[in-house]
Amino acid sequence: SASHNPGGPEGDFGIKYNIGNGGPAPEKITEAIYAHTQTLTEYAISDAPDIDLDIVGATSIEAMQVEVIDSVADYSELMAQLFDFAAIKALFASGFTMRFDAMHAVSGPYAHAIFEGLLGAPAGTVINGTPLEDFGGHHPDPNPVNAAELIDLMSAPGAPDFGAASDGDGDRNMIVGRGIAVTPSDSLAIIAANATLAPGYRHGLRGIARSMPTSTAADRVAREIGVPCFETPTGWKYFGNLMDAGMVTLCGEESYGTGSNHIREKDGLWAVLFWLNLLAAGGKQVGDVVSEHWARFGRNYYSRHDYEAVDAKAADGMMEHLRGQLAGLPGTKME
7 SASHNPGGPE GDFGIKYNIG NGGPAPEKIT EAIYAHTQTL TEYAISDAPD IDLDIVGATS
67 IEAMQVEVID SVADYSELMA QLFDFAAIKA LFASGFTMRF DAMHAVSGPY AHAIFEGLLG
127 APAGTVINGT PLEDFGGHHP DPNPVNAAEL IDLMSAPGAP DFGAASDGDG DRNMIVGRGI
187 AVTPSDSLAI IAANATLAPG YRHGLRGIAR SMPTSTAADR VAREIGVPCF ETPTGWKYFG
247 NLMDAGMVTL CGEESYGTGS NHIREKDGLW AVLFWLNLLA AGGKQVGDVV SEHWARFGRN
307 YYSRHDYEAV DAKAADGMME HLRGQLAGLP GTKME
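Here our numbering = 1-based position in the sequence shown + 6.
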């Protein structure tokens, strides 16, 4: 996973290490692993043949056992428990159109299996669905800049009813309607306000959590439905603590990450399925859902700007300048 950074053989890469509860490994575990690496004096490399990752089952290498699972099947089964697949399938059967950009990343096989397979969306609904090691030469970060092809399509005459995209490791999402890109902050709030439409959340929410930079749109929803809303530092691991304590059901951040306690991780396809469930239940277009939400709860104006490959010294200087301005900012009006 390159996360938000350009990925591929010439870009960034990394290992995403999640623990038994499905969430990111907390610092106490990663620090313990790092400390252990400082005590190693030797290591051995097995000359065993490569494992065939296309064969589901267990394989032994020396004294270690490696199990290959069909994660697409397991994930599809879980999503079918959380969402009304029958209603979504009927939505597609009625002529509802969708375009999902998998950005040549990991979510492609899942999207093909669920959207075009289980839910009956027409072939071609999923684009860029074959995972490639260089993501097709593009940056698999789902935002209006990197998914410009999808944005242009959704703004053109005859656009599909619904558009969405996911990122390199499938944990983030972008939601798009005809002529409107839904901000991540609004998406979290709208999902929270309509949570009981999905079977897996029919009994309501325990609470909502959002990162500090995320707008307060979810806070107002939480107040109206009578659940707490927690503000955390940036980093999904902080949501995990709240979920482990049973204090929240939904979490979100302005960097296009949304998820729930079905796992301890943000989940791009989960968010897309939630929107499909919402649209199937209400029979409305994305723009109408957003407008009605603003009319009921009020609107937050939010904009994120990403600066890539910036000189570190210049960036640090800018941040230091901003810190120096903080004391005088409250009450300032922009003309």
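Just so you know, even glycine gets a beta-carbon here, dropped at the ideal spot from N, CA and C.
Within the DSSP secondary-structure output, A171 pairs in a beta bridge with D107, M180. In the structure shown, Q44 adopts coil according to DSSP, grouped into three states. The closest CA to that of A201, considering only V227, S221, T47, is found on V227. When DSSP states are grouped into helix, strand and coil, I133 belongs to the strand group. Taking all protein chains shown into account, Y313 has fewer than 16 neighbouring C-beta atoms within 10 Å of its C-beta and is therefore exposed. Pairing V74 with P115 gives a Cβ-Cβ distance that is not under 7 Å.
A straight line joining the alpha-carbon of K272 with that of M218 spans about 16 Å.
Within 10 angstroms of the beta-carbon of F121 lie 16 or more other beta-carbons, which makes it buried. Out of G17, N306, S172, the CA that lies nearest to the CA of H110 is found in S172. Residue pairing of N27 in beta bridges, as defined by DSSP: absent, with no partner found. Fewer than three pairs of CB atoms, one per stretch, sit closer than 8 Å, so the segment 178-186 makes no contact with the segment 205-215. When rounded, the separation of the alpha-carbon atoms in A318 and M325 is 11 Å. Uninterrupted beta strand (DSSP E) stretches at least 3 residues long and entirely within the segment 246-326 occur at 256-259, 263-266, given in chain order. Selection M104, S297, G130 evaluated against I196 yields S297 as nearest (Cα-Cα). V151 counts as exposed, since fewer than 16 other beta carbons sit within 10 angstroms of its beta carbon. Judged by their CB atoms, A215 and L248 are nearer to each other than the 7 Å cut-off. Within the DSSP bridge table, the entry for A187 names V182 as partners. For the pair G246 and D147, the Cα-to-Cα distance works out to about 23 Å. For A54, no beta strand (DSSP E) run applies, since DSSP gives it neither H nor E. The alpha-carbon of F98 is positioned some 11 Å away from that of F91.
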